[in-house]
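Since the structure comes first, as structure tokens, the remarks are kept for the end.
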Amino acid sequence: MPEGPQIIILKEQLEQYVGQEILEAKGTVKNIPVQNLKNQILTEIKTYGKVLLLCFPTFTIRIHLMLFGKYAINQELNRELRLGFTFETGEVNFYACDCRLISEHLNQVYDWSTDVMHPSFNQVKVLEKFYCHPERLICDALLDQKILAGVGNGIKNEVLFRTHIHPASLMGQVPEAALKNLIRTCVTFSKEYLSWKQEGTEKENWQVYQQRVCLRDQVPLRKEKIGKPVRSCYFCEKCQVLYSSCVF
DNA sequence: CAGAGTGTTGAATA
DNA sequence: ATATTCAACACTCT
Numbered sequence: 017m018p019e020g021p022q023i024i025i026l027k028e029q030l031e032q033y034v035g036q037e038i039l040e041a042k043g044t045v046k047n048i049p050v051q052n053l054k055n056q057i058l059t060e061i062k063t064y065g066k067v068l069l070l071c072f073p074t075f076t077i078r079i080h081l082m083l084f085g086k087y088a089i090n091q092e093l094n095r096e097l098r099l100g101f102t103f104e105t106g107e108v109n110f111y112a113c114d115c116r117l118i119s120e121h122l123n124q125v126y127d128w129s130t131d132v133m134h135p136s137f138n139q140v141k142v143l144e145k146f147y148c149h150p151e152r153l154i155c156d157a158l159l160d161q162k163i164l165a166g167v168g169n170g171i172k173n174e175v176l177f178r179t180h181i182h183p184a185s186l187m188g189q190v191p192e193a194a195l196k197n198l199i200r201t202c203v204t205f206s207k208e209y210l211s212w213k214q215e216g217t218e219k220e221n222w223q224v225y226q227q228r229v230c231l232r233d234q235v236p237l238r239k240e241k242i243g244k245p246v247r248s249c250y251f252c253e254k255c256q257v258l259y260s261s262c263v264f
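Quick note on numbering: the first sequence equals residues 17 to 264 in this note's numbering.
If you want it as structure tokens, here you go:
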């Protein structure tokens, strides 16, 4: 399910429980001593990229929905419960997700300046990280959570299309102006994506991802497995420029 | 009905 | 020891 904007929605849905005590915690999660969570007060909810961070006074629970993760609020799904909390006014249940405990201070764990949904996002920091990997493909760099947190395969394809950059372009070959535009578009697109999600108009706004025809050229879009590790890239050969000395 | 995929990790292998 | 590859996870949609 989850790219950055969808995690923001999850955070918003859970905000109602901030300040409340965990009356009951259950689930088959193995990394976390579930019994010890009882009576803990949820003090804050944060997100970092695709990760949800439930903050308690002395520790944080990190939840990543991965590829198949599900959650349910005031409802139970018919599958193995990984981690579930009952608060004073309701419950939340997580399934098929990765859960772990963080005891360090979050500022030591996460660099907020490269999270596309974070207020302290800093374009210059991301550009610096981009320049550390001139030999990588642009489609790989966009998915690297250490470089740009919160961007998933959908956002990746959309921002490359919108900025006219071919996914197989080499980082070091893309002009600085194009890179800056790309980074800016990651943020603006993610925010648009969030509002489309909230309005329920998300589907109409995909321009390349899982689409068939380029809306600019009316040419069939290409779908190729590109990168390391390989991921699906949707692109238009006609209007997305390949910046590369290699032949694709 | 088979197969791919909104993602990442940790184990296996070289 | 270090780098790379790969299965695993678990479910929906095409």
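Here a beta-carbon is modelled for each residue, glycine too, at the ideal position from N, C-alpha and C.
Does residue i pass the burial test, meaning 16 or more other C-beta atoms within 10 Å, or should it be called exposed?
| i | result |
| --- | --- |
| Ser206 | buried |
| His121 | exposed |
| Phe84 | exposed |
| Gly216 | exposed |
| Gln124 | exposed |
| Cys244 | With the sequence shown as reference, residue 244 is identified as Lys, and Cys is not the correct amino acid for it. Exposed, because fewer than 16 other Cβ atoms sit within 10 Å of the Cβ of Lys244. |
| Ile89 | exposed |
| Lys254 | exposed |
| Glu174 | buried |
| Leu46 | Per the sequence shown, residue 46 should be read as Lys rather than Leu. Lys46 is exposed by the Cβ-count criterion. |
| Lys219 | exposed |
| Val108 | buried |
| Gln256 | buried |
| Met82 | exposed |
| Val263 | The pLDDT assigned to Val263 is 48, lower than 50, so where the model puts this residue is not dependable, and the model offers no usable value. |
| Thr105 | exposed |
| Glu19 | buried |
| Leu279 | For the chain, the structure presents residues 17 to 264; residue 279 sits outside this window and is missing. |
| Leu231 | exposed |
| Leu6 | Outside the displayed range of the chain (17 to 264) lies residue 6, so it cannot be described from this structure. |
| Val203 | buried |
| Thr63 | buried |
Would you mind reading off the limits of the beta strand (DSSP E) that contains residue i?
| i | result |
| --- | --- |
| Cys230 | Element bounds for Cys230: n/a, residue is neither H nor E. |
| Thr76 | 75 to 80 |
| Phe63 | The question names Phe, yet the displayed sequence has Thr at residue 63. 60 to 64 is the span of the beta strand (DSSP E), which, as asked, contains Thr63. |
| Val67 | 67 to 72 |
| Cys252 | First-last for Cys252: undefined, no H or E at that position. |
| Glu40 | 40 to 42 |
| Tyr87 | 86 to 89 |
| Glu92 | Here Glu92 belongs to no beta strand (DSSP E), and DSSP marks it neither H nor E. |
| Glu240 | 238 to 242 |
Assuming the contact rule is C-beta atoms closer than 8 Å, residue i and residue j should be a hit. Round their C-beta distance to whole Å, please.
| i | j | result |
| --- | --- | --- |
| Arg78 | Ile24 | So it is not a contact: roughly 16 Å between Cβ atoms. |
| Val140 | Thr130 | Their Cβ separation, rounded to whole angstroms, is 10 Å, which puts Val140 and Thr130 out of contact at 8 Å. |
| Ile154 | Val190 | 6 Å |
| Ser186 | Tyr259 | What sits at residue 186 in the sequence shown is Leu, not Ser. The Cβ separation is near 6 Å, so the contact holds. |
| Phe103 | Leu39 | 7 Å |
| Val224 | Phe177 | 4 Å |
| Gln214 | Tyr250 | 24 Å between Cβ atoms; not a contact. |
| Leu99 | Gly43 | 4 Å |
| Thr76 | Leu68 | Actually they do not touch by this definition, with Cβ atoms about 10 Å apart. |
| Arg247 | Asn169 | 5 Å |
| Leu210 | Pro49 | That pair is no contact at about 34 Å. |
Since residue i is in the alpha helix (DSSP H), which residue starts that stretch and which ends it?
| i | result |
| --- | --- |
| Gly20 | 20 to 30 |
| Asp114 | Here Asp114 belongs to no alpha helix (DSSP H); instead the beta strand (DSSP E) covers 114 to 118. |
| Val203 | 192 to 215 |
Residue i: beta carbon under 6 Å from a heavy atom of the ligand ATP?
| i | result |
| --- | --- |
| Pro191 | As far as ligands go, the structure on display features none, and thus does not contain the ligand ATP. |
May I ask you to verify whether the stretch 142 to 160 touches the stretch 103 to 116, counting CB pairs closer than 8 Å and requiring at least 3?
no
Count the C-beta pairs between the stretch 156 to 165 and the stretch 218 to 237 that are closer than 8 Å, then say yes if the count reaches three, no if not.
no
Check whether the stretch 27 to 42 touches the stretch 54 to 65, counting contact only when three or more Cβ pairs, one atom from each stretch, lie closer than 8 Å.
The stretch 27 to 42, when compared against the stretch 54 to 65, does touch it at the 8 Å Cβ threshold.
Quick one: complete beta strand (DSSP E) runs, 3+ long, within the stretch 95 to 183?
97 to 102, 107 to 111, 114 to 118
I want to know whether the stretch 193 to 207 touches the stretch 177 to 184 - three or more CB-CB distances under 8 Å.
yes
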